[in-house]
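In the numbering used here, the protein residues as written are 666 to 963. For glycine and all other residues, C-beta sits at the position ideal for the given N, C-alpha and C. Reading through the structure tokens given below for one structure.
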Ligand code: AMP
């Protein structure tokens, strides 16, 4: 990290400077840019787990300076969602991020990101925003407007050479790739595999909402996706999805959705067709709404 960071600008926690404003961030990265060194960005909402850390480690291996953003973005939460109780532990996050190779944390207040009069939204139109989680009956396109807008702002603020996202949020990753391409952001998007617990449950900050019994049941999501993939490869997508539904039913889980889609266009997929297919699931399990997916490569 640059040695001439102004200490007055930075609150150092657990060894990683935490920056609160866009101006300070520009300042902190100015020498890095002048020297032609590369910047990697890992956007997060904090409450770090091994999934986040895998992104930070990959960024650290590939980029000269790694910026982790830590911002629980209110505009991607619906009115009935968990914004207020979303887990937050900045000190722990700073320690873990430092160990995984982050050089600094950008953790702005809501007013820094959305000042009074803020009126601009980024929307990736069509299927990408309106199916699966974006279906109006579910989280709705509003969720992905919130995501696209905050990520576009982070790309402009941090100006990373590479930005890292998790396959866990498959629809988000597809949408961000499309936005970056459509709006000519000069950034390479890397999407890395989902990191799982020993029983297959995809790591998520929201897993902390699960009681013991629900935590055990939640492993059925990844079992169902494995069954879907095996069934699809052995027979058809239809038999794969049926096998997945059986796994969910056995655990008493009624999915919000369980769907097969083209992995790039998110159009419905009825058969394996030589293109990557995404099988995605969402379910409310106890106090947590969880999502997971498997990518079937041809
Ligand atoms: P979040 O803090 O939940 O907004 O996630 C920040 C980033 O970490 C996103 O790009 C997520 O897709 C990614 N991520 C979350 N969970 C996992 C996981 N289990 N494995 C890999 N990446 C993940």
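- Measuring C-alpha to C-alpha distances from residue 700 to each of 682, 729, 719 and 725 identifies 729 as the nearest.
- Ranked by how close their Cα comes to the Cα of residue 930, the residues 713, 812 and 838 have 838 in first place.
- Scanning its chain for C-beta atoms nearer than 7 Å, with the 5 sequence neighbours on each side dropped, one finds around residue 920 the residues 913, 946, 947 and 948, in chain order.
- C-alpha of residue 941 to C-alpha of residue 833: approximately 16 Å in a straight line.
- Secondary structure within the region 922-958: the beta strand (DSSP E) runs of 3 or more consecutive residues, fully enclosed, are 922-927 and 942-950 (chain order).
- According to the DSSP secondary-structure assignment, residue 770 is paired through a beta bridge with 683 and 733.
- In the three-state reduction of the DSSP assignment, residue 854 falls in the strand class, which pools E and B.
- Between the region 769-778 and the region 796-812, the count of C-beta pairs closer than 8 Å stays below three; the two stretches do not touch.
- For residue 716, the enclosing alpha helix (DSSP H) begins and ends at 715-727.
- Annotation: the region 754-838 contains the following complete segments of the alpha helix (DSSP H) (minimum length 4 residues), in chain order: 755-764, 775-778, 792-795 and 806-823.
- If you look at residue 706, you'll find it in the beta strand (DSSP E) that goes 704-709.
- Measuring C-alpha to C-alpha distances from residue 687 to each of 963, 924 and 823 identifies 823 as the nearest.
- Short of 6 Å from the beta carbon of residue 873, and not among the five residues preceding or following it, lie these beta carbons of its own chain, in chain order: 752.
- Look at residue 918 here: in three-state DSSP terms it is coil, with no helix or strand label.
- Per the C-alpha coordinates, the member of 882, 918 and 709 positioned closest to residue 770 is 709.
- Between the region 802-817 and the region 733-749, the count of C-beta pairs closer than 8 Å reaches three or more; the two stretches touch.
- Per DSSP, residue 886 is one residue of the alpha helix (DSSP H) stretching across 877-899.
- With a cutoff of 8 Å, residue 715 counts as near the ligand AMP, since its C-beta is closer than that to a heavy atom of the ligand.
- According to the DSSP secondary-structure assignment, residue 861 is paired through a beta bridge with 867.
- Placement of the Cβ of residue 829 at a distance of less than 8 Å from at least one heavy atom of the ligand AMP is found.
- The nearest non-hydrogen atom of the ligand AMP is less than 8 Å from the C-beta of residue 710.
- Minimum Cα-Cα distance from residue 707 among the listed residues 916, 936, 783 and 827 corresponds to 827.
- Here DSSP, grouped into helix, strand and coil, assigns residue 960 to strand.
- Secondary structure of residue 842 (DSSP, three-state): helix.
- Distances between the C-beta of residue 870 and the heavy atoms of the ligand AMP include at least one below 8 Å.
- Cβ-Cβ distances below 8 Å link residue 962 to 941 in the same chain, with the five nearest sequence neighbours on each side left out; the list follows chain order.
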